[in-house]
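**Student:** One structure is given below, represented as structure tokens, and several questions about it will come after.
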Amino acid sequence: MPATRHRRPPRRASIGPAPRPVAGFTLIELMVVLGLLAILTAMIVPEMRGSHRDALLRSSSRQLVNACALASSRAVSLGQSHRVRLDPATGRFQLERQAPGSRSARTEPAYVPIRDIPHAAGRLDPRIAVRLRQPDLDPVDRPEADPFLPDWSVGDPAGSFTRPADPDPFAEAGPESDSMADGPSGPAMGVLFHADGTADRVEIRLRDPDGFGLALRVNPVTARIRIIPLERP
24 MPATRHRRPP RRASIGPAPR PVAGFTLIEL MVVLGLLAIL TAMIVPEMRG SHRDALLRSS
84 SRQLVNACAL ASSRAVSLGQ SHRVRLDPAT GRFQLERQAP GSRSARTEPA YVPIRDIPHA
144 AGRLDPRIAV RLRQPDLDPV DRPEADPFLP DWSVGDPAGS FTRPADPDPF AEAGPESDSM
204 ADGPSGPAMG VLFHADGTAD RVEIRLRDPD GFGLALRVNP VTARIRIIPL ERP
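In this note's numbering, the protein residues as written are 24 to 256.
See below:
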């Protein structure tokens, strides 16, 4: 007798709405998304570049502020004048102290570089243009004659700074060195800090390749430095 096979009953079709097809991006939608990404990229990339320039400018100003603060504190604590010697042509700066017995009635005091402490010497980014000048005084404090220091600067793309016509008053160091030549030095461009806590009235102006700038203005009474944003030329 043949074996009987049990057949399963046929499945009944489920009653209900048919499943919806998975939605996808059409060509127009994809083009719209790509267009929005291109617009956002064009807006964000220049802002990122500006942030980098701003960081470069503030980093250079911080180097000089640290050197000036160190010179001021050492001048008061040691009872000896200190100077931040600055070469705008190369961006090098050097902390110096007054050489003992170098001052007389006929000659300017000589200064010797300090090498054994941090932030005593350095070099600014070559893309930053440097200018050293004496700032304008308030009308109440303005004397009859207020001579300005000569402008010593190079590298400003906006054309507001000019290369000095006179020879460089600094001794050239090697191209890979961030410090200046050893030995006593005489008059030079820089900021002088005195033992009584005062300083010279000097303003150091920094500009980046895009024309943005900062002014480091030294208060002659307190020797503090005020950072002032400059307008683009």
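Quick reminder that beta carbons are idealized off the backbone N, C-alpha and C, glycines included.
1. Could you give the first and the last residue of the continuous beta strand (DSSP E) run that contains residue 105?
2. One question on the structure: do residue 146 and residue 124 come within less than 8 Å of each other, judged by their Cβ atoms?
3. Three-state secondary structure (DSSP) at residue 145?
4. If contacts are defined as beta-carbon pairs under 8 Å, then residue 248 and residue 239 qualify, I think. What distance do you get, rounded to the angstrom?
5. Are the stretch 87 to 98 and the stretch 134 to 145 touching, with three or more C-beta to C-beta distances below 8 Å?
6. Please classify residue 155: is it buried, with 16 or more other beta-carbons within 10 angstroms of its beta-carbon, or exposed?
7. For the beta strand (DSSP E) that contains residue 228, what are its first and last residues?
8. In whole angstroms, what is the alpha-carbon distance linking residue 85 and residue 65?
9. So who's on the other strand from residue 153, going by DSSP bridges?
10. Which residue wins for smallest C-alpha separation from residue 110, given the options 221, 243, 227?
11. Alpha carbon to alpha carbon, how far is residue 93 from residue 241? Give it in angstroms, no decimals.
12. Determine the DSSP secondary structure at residue 254, reduced to helix, strand or coil.
13. Determine which residues share a DSSP beta bridge with residue 136 and list them.
**Tutor:** Taking the geometry as given:
1. 105 to 110
2. no
3. strand
4. 5 Å
5. yes
6. buried
7. 226 to 230
8. 31 Å
9. 229
10. 227
11. 14 Å
12. coil
13. 119
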